[in-house]
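Following: one structure in structure tokens, then a few remarks.
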Amino acid sequence: MQTSTTTSAPTRSYTPAWVAEAGVTSAFPVADLVGLPANRAGSDPYGPCLSWPGGRLDNTGFASAVAATAHAMRTQFRIGLGAVVGVLLGNGPEFITTMFATWSLGAVLTPINPALTNDEVGFQLDDSGVVLVIGDSRAEAVADVRGLGFLSAADECFRGSAEQSGVEQGDAELGGAEPIRDLNVRGSDGSLIVYTSGTSGLPKGCLLSHANVSAMVWSILNGVDFGDDARSLLVMPLFSSRGLLAGTLSPLMFGGSVHVLPEFDPRTFWDVVEEVRPTYFSAVPAIYSALEATKRRTVDTSSLRFVLSGAAPMSVDATTRFESKFGVTVLEGYGPSEFSAAATLNRNDGTRRLGTAGTALPGITVAIQDPAGRILPAGEAGEVVISAQTVMYGFLGRPGVTAETLKDGWLHTGDLGFLDDDGFLTLVDCATGTINCR
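If you count by my numbering, then the sequence shown holds residues 943 to 1380, one letter each, in order.
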């Protein structure tokens, strides 16, 4: 029998205070997740938080924007515990502000892919039970058709305006989002509804709880050596769990910062890297191929400790070529949509094994099963199954499919692979068509 398991964090250069003080082994308090904006503003008011082309927010400014946006959502649209908020936007600071404002009210966020057709957007709105849509003019149109509430991302509340939102000026300046203890938000409460792309049939909404999300971020922070700082260049779309959790929440929980890239352009990408000097970014193999193909000059990548690759397989040849050209280590991982963001990952500690998706992150167990449910030994291919606190609660409104997917304490991915003697996962086939396969 072979499983890949990491139950405790490896030695790393930085351990968050909540790990050391609380003796946490696989997650952190939900209050730390939902209260992150106010906590950051209280501990480092003027520290960098979010930036984007043409703008930036320090910790106080971000907390102020979250508080003002939450106030607008609550007073204008009566958003509260259990309500579902949809966000239909490209990458931008308003998306991240919306997420934390939604959580601060005890509500659930469903991120919507802007590339979807209006009919597909409508399906997600209806299926998830959205009552308020946040976005641009297109979002307003689809919300109006369904009689849903709409809040424009251009509203002044997203910039923390006390005058526009009705927040008292002093509270806004302090970034005073309503305390989580007053809202009684629990780890079992809904956090995100992320939709799978699927290869057939209608998309399915994966319901992730706050406990799922906090455990996933904990696993990432304790599975990768971020060094003394975590400055993320956000390349992945925010409607994906990888963009939200690996690219945004993880560096913010670490105490780092995020530079939001509205769109990817290989011709100007390295200019941004040289200007912003991120310590890492996460992308898909197609982006790495585009960067390699469009290289026209020597670029300064000295700020990058590593880059992450997922969502599709990246060949050994492609990885080697990219690393040779740019002098940056690529860490490949795997995680289906139903599993928050990542289940396995190659590490930047010298143990990386090219051609594999790495080993299980801390707090996560990965195994290979045969059709009868038996755990297979190393080297034998079968279905990849996963057990951890990061596994989704289920598919929204689909108890039958949920029961088929979550069986006997395992998430059945439908993907085929095998583990070697050291627990490194190699995928043979990603059968489910989920958005984060490797």
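We treat Cβ as the ideally placed atom computed from N, Cα and C, and that holds for glycine.
Residue from the options whose Cα sits closest to the Cα of residue i
i       : options                            : result
Pro990  : Glu1216, Ser1251, Gly1003          : Gly1003
Ser1174 : Ser1151, Ser1199, Ser1156          : Ser1199
Ala973  : Asp1131, Ile1076, Gly1022          : Asp1131
Pro979  : Ala969, Trp994, Ala1009, Gly996    : Ala1009
Ala1285 : Gly1292, Val1272, Gly1300          : Gly1300
Met1158 : Gly1143, Arg1184, Ser1139          : Arg1184
Asp892  : Asn1288, Thr1236, Pro1227          : In the structure as shown, the chain starts at 943 and stops at 1380, and residue 892 therefore has no counterpart that could be examined.
Gly1305 : Leu1287, Asn1055, Gly1315, Arg1294 : Leu1287
Ala1320 : Thr1240, Val976, Val1308           : Val1308
Leu975  : Ser1046, Glu1062, Pro1313, Glu1216 : Ser1046
Gln1018 : Leu992, Ser993, Leu1074            : Leu1074
Leu1203 : Tyr988, Val1026, Leu1031           : Leu1031
Asp1078 : Gly1064, Glu1217, Gly1089, Val1029 : Val1029
Leu1384 : Asp1069, Lys1237, Ser1257, Gly1024 : Past the edges of the chain, shown from 943 to 1380, lies residue 1384, and the structure says nothing about it.
Arg1042 : Leu1186, Ser1279, Arg1239, Gly1342 : Reading off the sequence, residue 1042 comes out as Phe, not Arg. It is Leu1186 whose Cα lies nearest to the Cα of Phe1042.
Gly1165 : Ala1007, Arg1294, Glu1082          : Arg1294
Arg1340 : Glu1216, Phe1360, Tyr1137, Val1272 : Tyr1137
Ala1007 : Pro971, Arg1020, Ile1021, Thr1044  : Thr1044
Residue i versus residue j: straight-line alpha-carbon distance, rounded
i       : j       : result
Ile1122 : Asp986  : In this predicted model, Ile1122 has a pLDDT of only 42, less than 50, meaning its place in the structure is not dependable; the value taken from the coordinates is given anyway. Rounded to whole angstroms, Ile1122 to Asp986 spans 20 Å at the Cα level.
Tyr1335 : Asp1242 : 43 Å
Ala1114 : Leu1367 : For Ala1114, the predicted model reports a pLDDT of 41, less than 50, meaning its position is unreliable and no value from the coordinates is stated.
Leu1067 : Ser1231 : 34 Å
Gly1118 : Asn981  : With a pLDDT of 42 at Gly1118, under the threshold of 50, the modelled position of this residue cannot be trusted, and the question is left open.
Gly1169 : Glu1265 : 20 Å
Ser1151 : Pro1053 : 15 Å
Trp910  : Ala969  : Nothing in the structure corresponds to residue 910, since the chain is present only between 943 and 1380.
Ala1386 : Gly1277 : Residue 1386 cannot be examined here, being either before or after the span of the chain that is shown, 943 to 1380.
Asp1362 : Ala1254 : 20 Å
Arg1101 : Asp1000 : 12 Å
Ala1049 : Gly1091 : 15 Å
Gly1365 : Leu1318 : 12 Å
Ala1085 : Phe1065 : 12 Å
Thr1344 : Thr1332 : 15 Å
Leu1093 : Val1027 : 10 Å
Trp994  : Gln1311 : 45 Å
Gly965  : Ser1156 : Residue placement at Gly965 cannot be trusted, given a pLDDT of 39 that sits under 50; what the coordinates show is reported in the next sentence. Between Gly965 and Ser1156, the C-alpha separation is close to 15 Å.
Ala983  : Arg1289 : 31 Å
Val1270 : Tyr1222 : 10 Å
Leu1194 : Gly977  : 12 Å
His1201 : Asn1154 : 25 Å
Thr1261 : Phe1206 : 20 Å
Trp1212 : Ile1229 : 12 Å
Leu1144 : Thr1298 : 31 Å
Leu1358 : Phe1281 : 16 Å
Tyr988  : Ala1188 : 24 Å
Arg1238 : Phe1268 : 12 Å
Val1072 : Val1063 : 11 Å
Ala1172 : Ser1224 : 13 Å
Val1214 : Gly997  : 14 Å
Ser1279 : Ala1025 : 22 Å
Ser1133 : Leu1149 : 8 Å
Gly1129 : Val1087 : 34 Å
Glu1217 : Phe1360 : 41 Å
Leu992  : Glu1082 : 26 Å
Glu963  : Thr1240 : Only weak support is given to the placement of Glu963: the predicted model assigns it a pLDDT of 39, under 50, and the question is left unresolved by the model.
Arg1316 : Ala1057 : 41 Å
Ala1283 : Ile1076 : 24 Å
Val1272 : Gly1089 : 46 Å
Ser1139 : Pro971  : 31 Å
Arg1020 : Thr1236 : 49 Å
Beta carbon of residue i nearer than 9 Å to that of residue j
i       : j       : result
Glu1234 : Arg1209 : no
Asp1167 : Arg1219 : no
Leu1338 : Ile1135 : yes
Leu1274 : Gly1252 : Per the sequence presented here, residue 1274 reads as Glu, with Leu not at that position. Yes.
Asn1033 : Leu1191 : no
Leu1163 : Phe1196 : yes
Val884  : Leu1023 : Since the displayed the chain opens at 943 and closes at 1380, residue 884 lies outside it and no answer follows.
Ala1323 : Val1370 : yes
Arg1080 : Asn1060 : yes
Gly1147 : Ser1070 : yes
Any non-hydrogen atom of the ligand SAM closer than 8 Å to residue i Cβ
i      : result
Gly989 : As far as ligands go, the structure on display features none, and thus does not contain the ligand SAM.
Chain B within 9 Å of residue i, Cβ atoms only
i       : result
Glu1216 : No chain B is present in this structure, which holds just one protein chain.
Is the stretch 1324-1337 in contact with the stretch 1347-1356, if contact means three or more CB pairs nearer than 8 Å? yes
Does the count of Cβ pairs from the stretch 1174-1190 and the stretch 1035-1047 closer than 8 Å reach three? yes
Would you say the stretch 1095-1102 touches the stretch 1008-1026, given that touching needs at least three Cβ pairs under 8 Å? yes
Alpha helix (DSSP H) segments (min. 4 residues) lying fully within the stretch 1167-1250: 1192-1196, 1211-1218, 1227-1235
Report the start-end ranges of each alpha helix (DSSP H) in the stretch 1024-1069 that is 4 residues or longer and not cut off at the edges. 1035-1046
Ignoring anything shorter than 4 residues or poking outside the stretch 1237-1320, list the alpha helix (DSSP H) runs there in chain order. 1258-1268
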